[in-house]
Each structure stands twice: as structure tokens, then as C-alpha cells.
Amino acid sequence: MDTTPAVVPEVTGKAQLTLYTSAFCEPCMQTRAVLAEATRLAPRIVVTELDVARHLERAEHDGIRSTPTVIVEAADGTEVFRAEGVPTLAQVLAAAATAL
Numbered sequence: 001m002d003t004t005p006a007v008v009p010e011v012t013g014k015a016q017l018t019l020y021t022s023a024f025c026e027p028c029m030q031t032r033a034v035l036a037e038a039t040r041l042a043p044r045i046v047v048t049e050l051d052v053a054r055h056l057e058r059a060e061h062d063g064i065r066s067t068p069t070v071i072v073e074a075a076d077g078t079e080v081f082r083a084e085g086v087p088t089l090a091q092v093l094a095a096a097a098t099a100l
């Protein structure tokens with residue numbers, strides 16, 4: 001997972017997931033594990049991780065109220081799924097399929 005970009009890259013034919021995290025967040029570590037398994041099972045999933053403290057404007061724009069928060073977007077940028085807290089693997093895979 002990439003932890004540095006402030007802008008989500010243009011990805012064609014991929015499901016774009018954004019993970020908002022914060023330091024010392026135990027649920028964030030659990031979410032990373034879920035997303036790692038999802039990307040292993042479905043290579044068309046691309047995850048961008050953003051620390052809310054480092055990307056405050058983006059987090060505010062996306063309405064982030066807690067960490068972890070996972071947002072799944074379709075290719076046109078439409079949000080198709082949002083999980084505040086640790087999502088299940090099934091939720092992530094279903095959302096990614098919807099995004100494709």
C-alpha cells in the first residue's frame with residue numbers, strides 16, 4: 001500500500017480504494033490486513049493510504065470523521081462504498097466488484 005500520495009492516481013480498469021488512517025490506530029492496522037488480503041485475491045484493487053494528519057484538506061473534503069475509513073470509488077469518481085471502522089473482506093470485495 002502506498003502511504004504518501006495526496007492525490008489518487010487515475011486508474012483505468014481498477015477498483016480504487018482510499019484508506020484514511022491515523023497514528024497509533026489499532027483498527028487501522030486491522031484494516032490494512034483486510035485490504036492486503038483483498039488486493040492479493042483481486043489484483044485489480046488499488047489501495048491508496050492517506051494519514052489524516054498529513055492530508056487534512058483531502059480528509060475534510062471526503063468527510064472523514066473517524067479512522068479507519070475506507071472509500072471505494074468507481075472509475076468516474078463516484079463513491080460506491082464507505083466503511084468507517086474495519087470492513088470485512090466480503091464487504092471490500094463486493095464494493096470493488098461494484099466499482100468495476
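Heads up: the sequence shown begins at 1 in UniProt numbering, then just goes up one per residue. Note that beta-carbon positions come from the ideal geometry of N, C-alpha and C, so glycine has one too.
Residue i versus residue j - alpha carbon distance
| i | j | result |
| --- | --- | --- |
| glutamine 91 | methionine 29 | 17 Å |
| threonine 69 | threonine 21 | 7 Å |
| aspartate 2 | leucine 19 | Its pLDDT being 46, under 50, aspartate 2 is placed unreliably in this model, and the coordinates cannot settle the point. |
| valine 86 | proline 27 | 6 Å |
| alanine 38 | glycine 63 | 24 Å |
| alanine 6 | leucine 17 | Bear in mind that a pLDDT of 44 at alanine 6, under 50, signals an unreliable position, so the model cannot answer this. |
| alanine 23 | valine 72 | 22 Å |
| proline 50 | arginine 32 | Note that residue 50 corresponds to leucine in the displayed sequence, not to proline. In a straight line, the C-alpha of leucine 50 is about 12 Å away from that of arginine 32. |
| alanine 42 | leucine 93 | 8 Å |
| leucine 56 | arginine 40 | 29 Å |
| lysine 14 | histidine 61 | 23 Å |
| arginine 54 | threonine 78 | 24 Å |
Boundaries (first-last residue) of the beta strand (DSSP E) holding residue i
| i | result |
| --- | --- |
| valine 86 | Run containing valine 86: none; DSSP gives neither H nor E here. |
| leucine 19 | 15-21 |
| threonine 69 | 69-73 |
Where the alpha helix (DSSP H) through residue i begins and ends
| i | result |
| --- | --- |
| valine 52 | Run containing valine 52: none; DSSP gives neither H nor E here. |
| alanine 36 | 26-41 |
Whether residue i touches residue j by CB criterion (7 Å)
| i | j | result |
| --- | --- | --- |
| isoleucine 45 | alanine 96 | yes |
| valine 52 | leucine 35 | no |
| alanine 99 | alanine 59 | no |
| threonine 88 | cysteine 25 | no |
Per DSSP, cross-strand counterpart(s) of residue i
| i | result |
| --- | --- |
| valine 47 | Leu17 |
| glutamate 79 | Glu73 |
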